[in-house]
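Working notes, structure below.
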Amino acid sequence: IDECSESAVCGDHAICENVNGGFNCFCREGYQTSTGKSPFTPNDGSYCQESVNSNCHLEHACIAANVHKTLKRIEPIKEQKALLQEIYRNSEGELSSVDIITYIEVLAESSPLLGYMNSTTSSKDDRFNSTLIEFVKTINNFVQKNTLKIWDQLPTNHRRLHLTKLLHTAELVTLGISQNFQKATQFDMNATDVALKVFVFDSNHMKHAHPHMDVDGGYVRIFPKRKTPSDTTGSVVVAFLCYKNVGPLLSPSDDFLPDSQDDDNSEEKEKVISSVISASISSNPPTLYELEKITFTLSHGKVSDKYRTQCAFWNYSVNDMRNGSWSSEGCERTYSNDTHTSCRCSHLTHFAILMSSSTSIGIKDYTILTRITQLGIIISLVCLAMCIFTFWFFSEIQSTRTTIHKNLCCSLFLAELVFLVGININTNKLVCSIIAGLLHYFFLAAFAWMCIEGIHLYLIVVGLIYNKGFLHKNFYIFGYLSPAVVVGFSASLGYKYYGTTKVCWLSTENNFIWSFIGPACLII
């Protein structure tokens with residue numbers, strides 16, 4: 032029997048090959064099996080899906096090519112549900128970090144189409160329901176518990192960028208699809224790791240609508256501003272999303288995998304300990320349904336006395352999703368016990384409960400201290416600029432002492448300027464490493480000129496006669512060349528330790544920080 036005579040026996044993008052007693056299926060070039068089996072048979076649940084280039088190593092051009100190729104392949108699909116089914120089918124099974132990035136980018140690029148529903152069928156709302164179901168199933172593929180180790184392969188900046196893009200796209204598409212419902216609707220959908228609840232109502236039902244969602248051991252509820260009755264008509268969509276596993280991926284600490292967490296020995300870092308919930312509103316007109324407050328209670332693991340919980344939201348810009356961070360601005364904790372925390376916030380976005388050591392600095396305090404530091408550096412830069420101007424242009428005070436002061440001020444000025452501008456530019460590893468190297472050099476140069484100041488004072492006290500020109504030459508060599516030697520030697524031994532995932536400074540890994548502390552202590 033020639034089983035391969037049937038053209039579709041192996042499914043799309045597959046080749047059939049007869050063997051004794053049966054047949055085998057192989058994927059065509061550019062495709063791979065969904066289960067990793069090769070050869071396969073249709074009965075084992077395998078099918079051929081597009082093979083994303085896993086050898087990209089997160090190179091922008093390679094990933095962009097993958098995204099472009101995938102978009103071209105799905106371009107003929109104009110029906111939203113079919114498009115989501117295709118993305119869902121290709122994102123099932125084992126994924127690489129490049130797969131995740133590619134399909135999230137494809138989902139984000141497809142969001143305008145997904146949000147536009149041409150209502151021509153008779154059972155319109157049923158169609159919207161089924162589309163939302165497919166969308167939640169697709170999102171669930173990217174944030175299931177078994178994807179944590181895949182996300183772990185991504186650098187922090189890539190992980191935060193694409194997670195933020197996924198959360199943002201999920202919010203946009205959910206609102207876009209839900210706006211098409213023709214009548215008051217309450218829609219629920221629960222996947223293994225993502226839950227969705229949507230409320231759709233018009234102005235006539237606003238008084239009786241109480242948008243809320245029950246999440247694992249807690250709830251979230253929206254309270255609109257009270258308004259006097261008016262003739263305004265329109266519709267409102269309120270959407271809630273709950274992500275069970277996204278929180279640890281967005282933790283300020285990079286140690287988010289379950290087997291790396293140890294509460295008894297953990298460093299004093301903030302950690303996300305709850306699910307992440309999203310709340311969003313779309314009303315037409317926009318002033319029809321305005322937020323007064325949102326309240327939520329989230330469950331979390333038992334928190335011991337040495338830790339405290341705080342309410343936070345994921346703060347990001349649509350134009351710069353790479354630099355998202357947790358903030359507590361506009362949120363306050365209203366109640367907390369060992370296993371639950373209640374919060375009230377004055378805005379909408381993605382919320383979670385953070386845990387930090389009771390002695391560590393909170394998010395709000397950290398922001399305040401950062402602003403104080405920046406203000407202090409700016410004042411210092413102004414004063415240093417005045418000193419440099421004075422020592423450089425007033426010929427009456429020129430001497431060896433003022434030459435030393437001038438170079439010390441220049442070194443400090445450049446060090447503080449680089450610190451102010453670049454200490455937090457950690458999204459680009461190369462740029463961050465260069466900034467860390469410059470800081471290392473200029474701060475060491477400042478210490479070197481402080482040492483020269485001490486040597487000069489000693490020469491004056493003992494009354495030693497010296498050649499001024501010769502001394503100045505050696506001062507410059509020691510002040511600028513010796514720091515360059517230290518930085519060059521350090522970079523040759525451990526260039527990868529310049530710049531960390533949080534700040535552009537020297538890493539403490541393998542005691543590399545001693546390449547700065549050592550010379551500084553020696554001079555002091």
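Here the sequence shown is numbered in the working numbering, starting from 32 and rising by one per residue. Every residue gets a Cβ at the ideal spot worked out from N, C-alpha and C, and that includes glycine.
Relative to the C-alpha of residue i, which residue among the options is closest?
i: isoleucine 544; options: Lys256, Glu60 and Ala467; result: Ala467
i: isoleucine 132; options: Pro317, Ile164 and Asn188; result: Asn188
i: alanine 551; options: His487, Leu329 and Trp480; result: Trp480
i: asparagine 542; options: Ser36, Ala477, Thr72 and Lys527; result: Lys527
i: alanine 383; options: Ser358, Ile94 and Tyr489; result: Ser358
i: leucine 412; options: Ile428, Ile435, Glu447 and Leu379; result: Glu447
i: cysteine 342; options: Gln184, Ser356 and Ser373; result: Ser373
i: valine 516; options: Gly485, Glu484, Phe473 and Ile491; result: Phe473
i: serine 305; options: Tyr320, Asn121 and Phe327; result: Phe327
i: aspartate 219; options: Leu115, His243 and Lys196; result: His243
i: serine 377; options: Ile325, Arg120, His44 and Val462; result: Ile325
i: threonine 195; options: Val349, Thr72, Arg158 and Tyr338; result: Val349
i: histidine 44; options: Gly53, Asn457, Tyr62 and Asp369; result: Tyr62
i: leucine 415; options: Val204, Ser282 and Cys440; result: Cys440
i: valine 50; options: Phe71, Phe230 and Met386; result: Phe71
i: asparagine 459; options: Lys228, His91 and Asp183; result: His91
i: valine 225; options: Ser209, Asp245 and Ile208; result: Asp245
Note down the Cα distance separating residue i from residue j, rounded to an integer number of angstroms.
i: glutamate 48; j: lysine 103; result: 29 angstroms
i: cysteine 535; j: serine 65; result: 41 angstroms
i: lysine 437; j: phenylalanine 520; result: 27 angstroms
i: phenylalanine 123; j: leucine 179; result: Reading the sequence as shown, one finds glutamate at residue 123 and not phenylalanine. Approximately 15 angstroms between the Cα atoms of the pair.
i: asparagine 354; j: glycine 453; result: 14 angstroms
i: histidine 239; j: aspartate 247; result: 25 angstroms
i: alanine 310; j: alanine 222; result: 18 angstroms
i: valine 307; j: isoleucine 108; result: 32 angstroms
i: asparagine 296; j: threonine 340; result: For asparagine 296, the predicted model reports a pLDDT of 41, less than 50, meaning its position is unreliable; a value from the coordinates is still stated below. About 18 angstroms.
i: phenylalanine 422; j: serine 128; result: 56 angstroms
i: leucine 490; j: phenylalanine 509; result: 16 angstroms
i: glutamate 363; j: serine 356; result: 17 angstroms
i: glutamine 429; j: glutamate 484; result: 15 angstroms
i: phenylalanine 166; j: serine 523; result: 50 angstroms
i: alanine 476; j: serine 141; result: 53 angstroms
i: glutamate 34; j: glycine 265; result: 59 angstroms
i: threonine 152; j: tyrosine 320; result: Legend: pLDDT at threonine 152 = 49, less than 50; position of this residue unreliable, no value from coordinates given.
i: phenylalanine 230; j: isoleucine 253; result: 11 angstroms
i: histidine 371; j: isoleucine 164; result: 30 angstroms
i: threonine 401; j: isoleucine 456; result: 15 angstroms
i: threonine 162; j: serine 209; result: 10 angstroms
i: serine 36; j: glutamate 125; result: 31 angstroms
i: methionine 465; j: tyrosine 529; result: Checking the displayed sequence, the identity of residue 465 turns out to be isoleucine instead of methionine. If I take the Cα positions, the gap works out to 8 angstroms.
i: phenylalanine 420; j: leucine 495; result: 30 angstroms
i: phenylalanine 287; j: leucine 280; result: Only weak support exists for where phenylalanine 287 lies, its pLDDT of 44 falling under 50; the value from the coordinates is given anyway. If I take the Cα positions, the gap works out to 6 angstroms.
i: isoleucine 554; j: proline 186; result: 37 angstroms
Name the DSSP beta bridge partners of residue i, please?
i: cysteine 342; result: Ile384
i: asparagine 49; result: Phe54
i: arginine 432; result: Partner(s): none; arginine 432 has no beta bridge.
i: asparagine 580; result: The structure shown does not extend to residue 580, since the chain is modelled only from 32 to 555, so the question has no answer here.
i: tryptophan 566; result: Residue 566 falls outside the range modelled here, since the chain spans only 32 to 555, and no answer is possible.
i: glutamate 363; result: Arg375
i: valine 303; result: Leu385
i: isoleucine 325; result: Ile253 and Cys376
i: aspartate 219; result: Lys228
i: aspartate 351; result: Ser348
i: alanine 310; result: Phe271
i: serine 330; result: His371
So, does the stretch 400–409 touch the stretch 328–337, judging by three or more C-beta pairs under 8 angstroms? no
Count the CB pairs spanning the stretch 205–218 and the stretch 275–283 that are closer than 8 angstroms, and state whether there are at least three. By the Cβ test, the stretch 205–218 is not in contact with the stretch 275–283, since fewer than three Cβ pairs between them sit closer than 8 angstroms.
Can you list the alpha helix (DSSP H) stretches of 4 or more residues lying completely in the stretch 72–136, in chain order? For the alpha helix (DSSP H) assignment, the uninterrupted runs of no fewer than 4 residues enclosed by the stretch 72–136 are, from N- to C-terminal side, 91–105 and 111–121.
For the pair the stretch 229–246 and the stretch 166–175, tell me if three or more CB-CB distances fall below 8 angstroms. no
For the stretch 221–283, list the beta strand (DSSP E) runs that are entirely contained and at least 3 residues long, ordered along the chain. 225–233, 243–246, 249–255 and 266–274
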